[in-house]
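S.K.: Questions regarding the structure given below will be posed in turn.
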Amino acid sequence: MSSIIDFKPQSDLNAAAQLDAFIAWAKATLSKGVPNKRVHAGIRWSMASWHKSGVASCAFTAHGSDRNAKAKDREYMQPPFIDFAKALIVYYRVFRGKKSVSGWLTAAKVLEVSLVELTGTRDVTRISAAICNRACEYLKNAYLTGNIAYVLSKNVEQIVKLMIDKQILAQPFRWTSPLRLKPLGSLKEQRANRNKKLPSRESIQALGELFNNDLASPLDIIITSACALLLSQPSRIGELADVERDCVVFKEAPGGGQRMFLRWFAEKGYGATTKAVVTGMEPAVKRVIELVAPITNEARQYAAWLEDNPDEFPPHEDVPLKGPDEPLSYDEACAALKQNVNRLKSSRSILKFRFLIPLAECKALSPEAKRVLDEILEGWDADKGKRIYVNGKNNYYQFNDTAVITLRKLNILIREKHLPKDFPYTTPFEDGKKRVKYRDALFTVRTGSLPDETMSGGSMPRNFGVEIAVNHNRMTRQLVGSTNKQNIFDRHGYKGLRVNTHAFRHELNTEMQRAGLSQLLIDAFSGRTAKGSVYNHETVEERTQRVADYHPKTKRSNSAQRLEKVKTNQPLSLSDVTDLHEGDQDLIIHQTHVGICVHNFASEPCPKMGACLTCGKLGCVKGDDVKLANLKEERKDLKRRYDKALDAQSRDIFGASDWAKKVGMDLYKCGALIRTLENPELENGDIVWNVDNGWTLTNNAAAMAGLIDVKDIEAKNEQLMSLDDLSAMLDEIEV
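Here you go:
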């Protein structure tokens, strides 16, 4: 029975063939990513992680397994699904040139576990809508907060679409994610989110005090300076790697004088730009340059030497005085590598176990470094060695090593171990990006030159390489802290404070919202290609007050002067009652018997023919007793007319119902204006604006001609109601 195989439909065979072809294409394409800098040399298909080979955060661990866990605790995706997942990453990173693959990789991981759960196999061609729905359930359970699960489910959609396009599915299907964007939440939840994402006043004040103190630690100077830059214009922490030593430029300001800008490269597709420094932060930016440049000058010079002399061993006082190809003793090799030799361990042992073996365990070696390392280790004597006795005592061991170690070979290995993969550039390659070199970057330092005050100097890496001092990990450790390390606040007596680096970006975006900048300007200033309303953390009270301060219906800026003009019959300008925008003409407005009218009679006659109580351009000023008395007289007249209309309606006179409803609405509106004007919560001089009923002479003529449906006009007027409801409300009015 074991020789009997199941019958497979032609569609399954075709899908399997397409899957094999897709994986074969990916294997051939992976190495082609090396010349265009999308992956590093030495990357191999068989690797369990491509993180150190140019594909950041790409480890093919199974769903739920931490890629940073110990090797014995890590679980990996299994064949044949893992080959499909690798092919997806090659397509996304190498072929399409996308930067972050974490979304697609996470989507592939949940697809694998869902596929196994529902089908019992890892046959990619059997993925279905049910499997995709199950994958979304895994995402919901794994990411409980925010919209991360929703965003990742859209990556599942993209993978399914790719599989359909490449004909990899045995049974193609149409599927969209069942997950939806979460609402902003209650006011309490929004307040908690705001407190979480915005920096506290205490943390910013502490950083300001530290920045303006005479700090002695280069680490503290660099950390506070980086925070000052992040507060000078909205940025991301990763963008500091591209800040040049000479980043400041000045441009002519519209009102005259000079305005400070920074040459900047914004991530996530925005690209190179010049960012204006927030007004008032210019001295801080100048101080940043003055503080950081002297600390990093030597590292920039060293980076320039490394770039200009790729075949020479980095110079230092202990380098043996030998040519690049002369053999070195083990003592000389250890001296060149700055490895301390003691009596307990021989220089041969130190060279092997502290340098060669750890380097050999690194799977992301370049081909040249691997060749040199293999050559040295192949010539290494694997025996325990021959004992050499001196005066009857075992003095040392003699080994039959054939490996030849030279400064040229050590130079290759030392650069592989200590220099960033993208050296001489500070960031990975991106299409169209003009990258900055370490020799020009403001925050270039030698590796190991910024020992944490809570960490012993011996545990820091050797200073053969260069790095960006304000990388994400260091900034997080210094501003947030960890279980075994103090942050910068704790070290200087500001106990309990911590701040996230991205909080500064949220802070500046929120302040720009409070200042009234448009969302378009804020997004451009922040270096965004999409709307960033998620960065607006204004409170509901702030937004309400902003509307009250600037909306013409609640404008209070000149209420006292306005009331004085109304009472003394002085001419009122349009600017007295509303804000004028660019291009608006400031006209004299006129007063009616019940209020003020902002209609421009110079351009057109009154569209309401004097029916002020139905017009939205009518405003009644609180405190004008004469107009209030006129409104009350108007209410009495309307009440008499309304009673006559009801009497006519009771006698079934034609048109009485429509007339009762029309007069009743005017009576209701007049009463509402009077009650509002008599409200003690309003201040004298405030304007109460009327609500328009939508009817004008033009609309009336168009409705009579059949060009406009009457229902369309009345549907827009929320004040219209049934006659019975209107009568019930008017019965409560006392005249």
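To convert, take the position in the sequence shown, counting from 1, and add 1368; that gives our numbering. A virtual CB, placed ideally from N, CA and C, is assigned to each residue, including glycine.
#1: For residue 1944, which of 1955, 1647 and 1738 has the nearest alpha-carbon?
#2: Could you have a look at residue 1604 and say whether DSSP puts it in helix, strand or coil?
#3: If you draw a straight line from the alpha carbon of residue 2020 to that of residue 1965, how long is it in whole angstroms?
#4: Secondary structure at residue 1425, three-state DSSP: helix, strand or coil?
#5: State the DSSP-derived secondary structure class of residue 1419, mapped to helix, strand or coil.
#6: Leaving aside the five residues before and after residue 1795 along the sequence, list all residues of the same chain whose C-beta is less than 7 Å from its C-beta, in chain order.
#7: Does residue 1846 pass the burial test, meaning 16 or more other C-beta atoms within 10 Å, or should it be called exposed?
#8: Check whether the Cβ atoms of residue 1518 and residue 1549 lie closer than 7 Å to each other.
#9: For the beta strand (DSSP E) that contains residue 1634, what are its first and last residues?
#10: Run through the region 1798-1859 for me and flag every whole alpha helix (DSSP H) of 4 or more residues, listed as ranges in chain order.
#11: Run through DSSP, which three-state label would residue 1543 get?
#12: Is the distance from the Cβ of residue 1538 to the Cβ of residue 1380 below 7 Å?
#13: In terms of residues, what are the limits of the beta strand (DSSP E) holding residue 1643?
#14: Going by DSSP, what residues sit across from residue 1940 in a beta bridge?
#15: Within the continuous beta strand (DSSP E) that includes residue 2057, where are the two ends?
#16: Identify which residue in 1400, 2031, 1547 and 1421 has its Cα closest to the Cα of residue 1731.
#17: Alpha carbons only, please: which of 1843, 2063 and 2017 is nearest the one belonging to residue 1606?
#18: Per DSSP, residue 1989 is paired with what?
#19: Can you name, in chain order, every residue of its own chain whose Cβ lies under 7 Å from the Cβ of residue 2065, other than the five neighbours on each side?
#20: Assuming residue 1773 and residue 1701 are in contact, meaning their beta carbons sit under 8 Å apart, how far apart are those beta carbons, in whole angstroms?
#21: Would you tell me roughly how many angstroms separate the C-alpha atoms of residue 1692 and residue 1811, rounded to the nearest one?
#22: Using a 10 Å radius around the Cβ and a threshold of 16 neighbouring Cβ atoms, would you call residue 1725 buried or exposed?
#23: Could you give the first and the last residue of the continuous beta strand (DSSP E) run that contains residue 1617?
#24: Can you tell me which residues form a DSSP beta bridge with residue 1964?
#25: Over what stretch of residues does the alpha helix (DSSP H) that includes residue 1464 continue unbroken?
#26: Secondary structure at residue 1518, three-state DSSP: helix, strand or coil?
#27: Measure the Cβ-Cβ separation of residue 2048 and residue 1876 and say whether it is below 7 Å.
#28: Looking only at its chain, what residues have a beta carbon closer than 7 Å to the beta carbon of residue 1871, apart from the 5 residues adjacent to it on each side?
#29: In whole angstroms, what separates the C-alpha of residue 1868 from that of residue 1474?
#30: At the level of alpha carbons, what is the spacing between residue 1748 and residue 1399?
#31: Going by the DSSP bridge assignment, what does residue 2010 pair with across the sheet?
#32: Is DSSP giving residue 1784 helix, strand or coil here?
#33: In the DSSP assignment, find the unbroken alpha helix (DSSP H) run with residue 1380 in it and report its ends.
#34: Check this for me: beta carbons of residue 1478 and residue 1459, under 7 Å apart or not?
#35: Taking Cβ positions, are residue 1641 and residue 1652 nearer each other than 7 Å?
#36: Spell out the partners DSSP gives residue 1612 in its beta bridges.
M.R.: According to the data block:
#1: 1955
#2: coil
#3: 38 Å
#4: coil
#5: helix
#6: 1609, 1610 and 1803
#7: buried
#8: yes
#9: 1626-1634
#10: 1840-1847 and 1856-1859
#11: coil
#12: yes
#13: 1639-1644
#14: 1957
#15: 2055-2057
#16: 1421
#17: 1843
#18: 2055
#19: 1975 and 1977
#20: 5 Å
#21: 32 Å
#22: exposed
#23: 1616-1620
#24: 1959 and 1987
#25: Residue 1464 -> no alpha helix (DSSP H), and no H or E assigned at all.
#26: helix
#27: no
#28: 1565, 1566 and 1567
#29: 25 Å
#30: 31 Å
#31: DSSP lists no partner for residue 2010.
#32: helix
#33: 1378-1398
#34: no
#35: no
#36: 1809
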